[in-house]
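Colleague: Sharing a structure, written as structure tokens. Questions coming.
Okay, structure coming up:
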């Protein structure tokens, strides 16, 4: 990617982005976001504008950021491009430039350097529309969401341990046995990992339950909520029930 090639893109302004929309490589919304930034800062370079469009595209695909390193390693997967776009091609007209033409031969350091525009890209607190955090580029709003979640998790982890309280309840083991009867257990070398997940979560202020499709994550969470509610009622002699907040409990619900 040489200077004359970039210069021709700058002269063409957004014609190449229109071409990307026509080819289905971007949504019109992604192009409009890049066009808005171009209207605010006339000297914004093509690589910066393309990055902005790709960040918007990632949101449409359910991702909160664009990982620059991953995009360089696997552009077809990260940018959702057909394989033929990434094959070496002859010199294209500026308005027919493909994402591969911008990424070919590009280093991570060079990409970050192209994003160094103080009016459009920040690296933390501020009011720029984009945030570069390590190798990831975010829309500021979603970067702030991630910071808020991180701060909330750190605050929970800093609370005094709940282990002593959980261990002091003599019916914890009994409750687990009721919720996970042996004949209903998933046995792997004699261990019911759903029961283990519930036991660990009950002793923590923050827990993550993971697993592939069909491994019983939703079932585990339902039983965990029942366990936590039971422990709360026992601790308060039946006077204090937990308030439970639930969002997108399954992948299908999240899609809906």
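Numbering (our numbering), first residue to last: 904 to 1159. Each residue gets a CB set at the ideal place from its N, CA and C atoms; glycine is no exception.
Quick one: Cα of residue 1094 to Cα of residue 1143, how far?
Modeller: Cα-Cα distance, rounded: 33 Å.
Colleague: With a threshold of 6 Å on Cβ separation, who are the neighbours of residue 1150 within its own chain once the five nearest residues in sequence on each side are excluded?
Modeller: The answer is none, since no qualifying residue turns up.
Colleague: Out of 1055, 1051, 924, 933, point me to the one whose CA is closest to residue 961's CA.
Modeller: Taking only the C-alpha atoms, the option nearest residue 961 is 933.
Colleague: Please state if the CB of residue 1036 and the CB of residue 1046 are separated by a distance shorter than 8 Å.
Modeller: Yes, Cβ-Cβ distance for residue 1046 and residue 1036 is below 8 Å.
Colleague: Is residue 1042 helix, strand or coil by DSSP?
Modeller: In this structure, residue 1042 counts as strand in the three-state DSSP scheme.
Colleague: Excluding the five sequence neighbours on either side, which residues of its own chain have a C-beta within less than 7 Å of the C-beta of residue 1133, listed in chain order?
Modeller: So the list reads 1078, once near-sequence residues are dropped.
Colleague: Can the beta-carbon of residue 1018 be found less than 8 Å from the beta-carbon of residue 954?
Modeller: Contact: yes.
Colleague: Let me know if residue 1126 comes out buried or exposed under the rule of 16 or more other beta-carbons within 10 Å of its beta-carbon.
Modeller: Buried, because 16 or more other Cβ atoms sit within 10 Å of the Cβ of residue 1126.
Colleague: Determine the DSSP secondary structure at residue 969, reduced to helix, strand or coil.
Modeller: Note: residue 969 maps to strand in three-state DSSP.
Colleague: I think residue 958 touches residue 1023, with their Cβ atoms under 8 Å apart; what is that distance to the nearest whole Å?
Modeller: That belief does not hold up - the Cβ atoms of residue 958 and residue 1023 are roughly 11 Å apart, past 8 Å.
Colleague: Among the residues of its own chain, which have a CB less than 8 Å from the CB of residue 1122, if the five just before and after it don't count?
Modeller: The answer, listed in chain order, is 1097.
Colleague: Is the beta carbon of residue 1138 within less than 7 Å of some heavy atom of the ligand FMN?
Modeller: You won't find the ligand FMN in this model; it holds no ligand whatsoever.
Colleague: In the DSSP output, which residue or residues are listed as bridge partners for residue 1035?
Modeller: DSSP lists 1040 as partners of residue 1035.
Colleague: Decide if residue 1062 is buried, meaning its Cβ has at least 16 other Cβ atoms within 10 Å, or exposed.
Modeller: Exposed is the call here.
Colleague: Quick test of your reading: residue 956 and residue 936, contact by CB under 8 Å. State the CB separation rounded to the nearest angstrom.
Modeller: Right, their Cβ atoms sit about 6 Å apart.
Colleague: For the alpha helix (DSSP H) holding residue 979, just list the boundary residues, first then last.
Modeller: Unbroken alpha helix (DSSP H) run through residue 979: 978-981.
Colleague: CA-CA distance, residue 924 and residue 1111?
Modeller: If you take the alpha carbons of residue 924 and residue 1111, they lie about 39 Å apart.
Colleague: Alpha carbon to alpha carbon, what distance is there between residue 984 and residue 978?
Modeller: About 7 Å.
Colleague: Taking only the alpha-carbon atoms, compute the straight-line gap between residue 1054 and residue 945 and give it to the nearest angstrom.
Modeller: Computed Cα separation, rounded: 36 Å.
Colleague: For residue 1024, write down the residues that DSSP places opposite it in a beta bridge.
Modeller: Per DSSP, 1033.
Colleague: Jot down the residue ranges of each uninterrupted alpha helix (DSSP H) in the region 925-976, minimum 4 residues, whole runs only, in chain order.
Modeller: Counting whole runs of 4 or more residues, the region 925-976 contains the alpha helix (DSSP H) stretches 931-943, 949-963, 971-976.
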